[in-house]
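Working notes for the structure below.
In UniProt numbering, the protein residues as written are 1 to 513.
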């Protein structure tokens with residue numbers, strides 16, 4: 001039987017419909033693929049610098065702290081094995097556990113003790129040392145009239161030295177939210193390479209009454225020094241954020257073996273006693289910038305507007321090495337294309353400083369009360385080439401970063417020599433200026449604290465630098481144990497035989513005074 005013929009027009013119509021349907025399906029699939037690409041952990045970590053590429057990291061201390069306290073703080077009450085009341089045998093038992101763990105690493109890791117990620121134990125201290133102080137700042141930071149004796153706004157100082165918050169917030173964040181791969185938090189003390197002490201020394205110094213602050217310092221000191229890990233190493237593997245030179249001052253002598261996170265080494269001796277700080281054990285961290293980041297687009301757009309040769313806005317009179325500021329004012333006052341202004345507090349002061357730096361080619365960065373100055377990092381993130389005049393300055397992350405690519409270094413003697421500085425700056429070629437400004441765009445990421453902490457950000461570089469100290473820390477710890485542990489063994493025997501004198505002698509330094 002002959003098959004029924006289908007009209008050719010109908011066939012063509014169906015073909016067109018099928019073709020249209022197929023085309024629309026491809027378009028829809030492509031659209032869905034674009035919106036929801038397949039997950040590839042290796043690729044995503046390279047392509048996107050943070051988990052949500054459409055949401056930039058938070059770099060404002062106030063905004064980050066607000067989100068942390070109101071959304072995350074209650075979720076961080078995780079259990080750990082922090083000792084609350086020390087027993088006689090705790091130190092010996094901890095030492096045995098630590099020794100067993102280190103032997104596992106020696107036999108199982110061919111690169112130990114040069115190991116990454118660094119294992120950090122974060123003490124879960126009572127709230128009065130941590131959360132309560134953060135809430136105190138959060139509830140009072142709008143009181144901009146609160147000034148120090150030399151006229152600096154208290155809460156801005158706390159922000160500039162808030163490195164303790166940024167490091168702590170990253171360490172205690174859930175691993176699923178963290179981006180840094182060179183450091184990991186551990187929850188058992190014997191598993192740690194280093195111990196982080198999350199005590200907000202700068203907030204307590206500025207926002208508590210003097211005697212209240214000193215009492216809290218003593219409490220925090222006793223709490224930490226009662227830990228078995230502290231007694232085992234005498235604090236050599238403990239990290240203290242002491243970024244403001246006034247903070248923790250009344251009890252610092254008891255933690256001089258620890259790793260201090262500092263703004264500089266202050267070789268003038270005005271802030272730290274001899275032997276308290278050194279590049280061998282301590283780490284210099286940048287101030288938190290007080291101005292907004294001027295990114296690549298901002299730097300490019302502002303290039304034609306940079307008509308000021310040299311800019312400075314800040315306190316014109318400082319102590320110690322900062323006395324050079326008044327000499328520079330005398331030398332540069334009234335010079336063409338030079339702006340030297342006394343700094344003011346509050347949002348207006350910040351806006352004026354930011355505007356001035358973005359309109360300037362060079363930004364003056366003289367010493368302050370200490371060899372370092374927050375102006376340096378404000379200049380870097382503003383795309384303004386720093387002119388560093390501070391003969392005793394040690395810079396953050398030197399050994400990783402080459403500051404010669406982004407800054408001009410001038411000796412104090414040359415800087416105050418009549419008629420020398422401005423001709424020197426004018427003699428720098430436009431080619432070199434453009435190259436240094438491009439480098440500033442690349443370097444800025446190294447000085448922007450953020451949540452979540454970013455690869456190549458300051459939090460990341462802290463742990464890279466800390467990795468270089470680990471071998472030395474372990475060496476000194478074992479050397480101290482070679483003597484101290486044997487003394488404790490003798491002490492145990494003597495105590496059991498009724499001699500308590502040795503025990504009290506070796507129990508540690510008195511914390512009174």
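We put the beta carbon where it would ideally sit given N, CA and C, even for glycine. Fair warning: this is a prediction, and the values are worked out from it, not measured in the lab.
Residue i - containing beta strand (DSSP E), residue span
| i | result |
| --- | --- |
| residue 119 | 118-122 |
| residue 314 | 308-314 |
| residue 204 | Not the beta strand (DSSP E): residue 204 falls in the alpha helix (DSSP H), residues 201-207. |
| residue 430 | Here residue 430 belongs to no beta strand (DSSP E); instead the alpha helix (DSSP H) covers 430-443. |
| residue 339 | 338-342 |
Beta-carbon gap between residue i and residue j smaller than 8 Å
| i | j | result |
| --- | --- | --- |
| residue 389 | residue 365 | yes |
| residue 353 | residue 288 | no |
| residue 182 | residue 464 | yes |
| residue 418 | residue 331 | yes |
| residue 196 | residue 158 | no |
| residue 453 | residue 283 | no |
| residue 244 | residue 161 | yes |
| residue 91 | residue 171 | no |
| residue 470 | residue 383 | no |
| residue 445 | residue 427 | no |
| residue 101 | residue 234 | no |
| residue 165 | residue 69 | no |
| residue 226 | residue 194 | no |
| residue 361 | residue 438 | no |
| residue 125 | residue 200 | no |
| residue 407 | residue 433 | no |
| residue 367 | residue 324 | yes |
| residue 281 | residue 259 | yes |
| residue 186 | residue 277 | no |
| residue 346 | residue 313 | no |
| residue 443 | residue 401 | yes |
| residue 204 | residue 221 | no |
| residue 410 | residue 328 | no |
| residue 294 | residue 358 | yes |
| residue 113 | residue 184 | no |
| residue 228 | residue 129 | no |
| residue 311 | residue 380 | no |
| residue 302 | residue 59 | no |
| residue 285 | residue 473 | no |
Range covered by the alpha helix (DSSP H) that runs through residue i
| i | result |
| --- | --- |
| residue 418 | Element bounds for residue 418: n/a, residue is neither H nor E. |
| residue 248 | Here residue 248 belongs to no alpha helix (DSSP H), and DSSP marks it neither H nor E. |
| residue 299 | 296-302 |
| residue 262 | From DSSP, residue 262 is part of no alpha helix (DSSP H) but of the beta strand (DSSP E) over 259-262. |
| residue 327 | 324-332 |
| residue 92 | 90-108 |
Reduced DSSP secondary structure (H/G/I, E/B, other) of residue i
| i | result |
| --- | --- |
| residue 533 | Residue coverage of the chain in this structure runs from 1 to 513, which leaves residue 533 outside it and unanswerable. |
| residue 45 | With a pLDDT of 37 at residue 45, under the threshold of 50, the predicted position of this residue should be treated as unreliable, and no value is reported. |
| residue 185 | strand |
| residue 58 | strand |
| residue 543 | Here the chain covers residues 1 to 513 and nothing more, so residue 543 does not appear. |
| residue 153 | strand |
| residue 130 | coil |
| residue 335 | coil |
| residue 458 | helix |
| residue 226 | coil |
| residue 166 | helix |
| residue 217 | helix |
| residue 161 | coil |
| residue 273 | coil |
| residue 50 | Because residue 50 sits at a pLDDT of 42, beneath the cut-off of 50, its placement in the model cannot be relied upon, and the point is left open. |
| residue 64 | helix |
| residue 291 | coil |
| residue 471 | helix |
| residue 515 | Lying outside 1 to 513, the shown extent of the chain, residue 515 is not represented and no answer is given. |
| residue 70 | helix |
| residue 256 | coil |
| residue 115 | coil |
| residue 142 | coil |
| residue 179 | coil |
| residue 279 | coil |
| residue 349 | helix |
Per DSSP, cross-strand counterpart(s) of residue i
| i | result |
| --- | --- |
| residue 195 | 121, 238 |
| residue 284 | 262 |
Can you give, in chain order, each stretch of the alpha helix (DSSP H) that sits fully within the region 351-408 and has at least 4 residues? DSSP runs (the alpha helix (DSSP H)) wholly in the region 351-408: 374-381.
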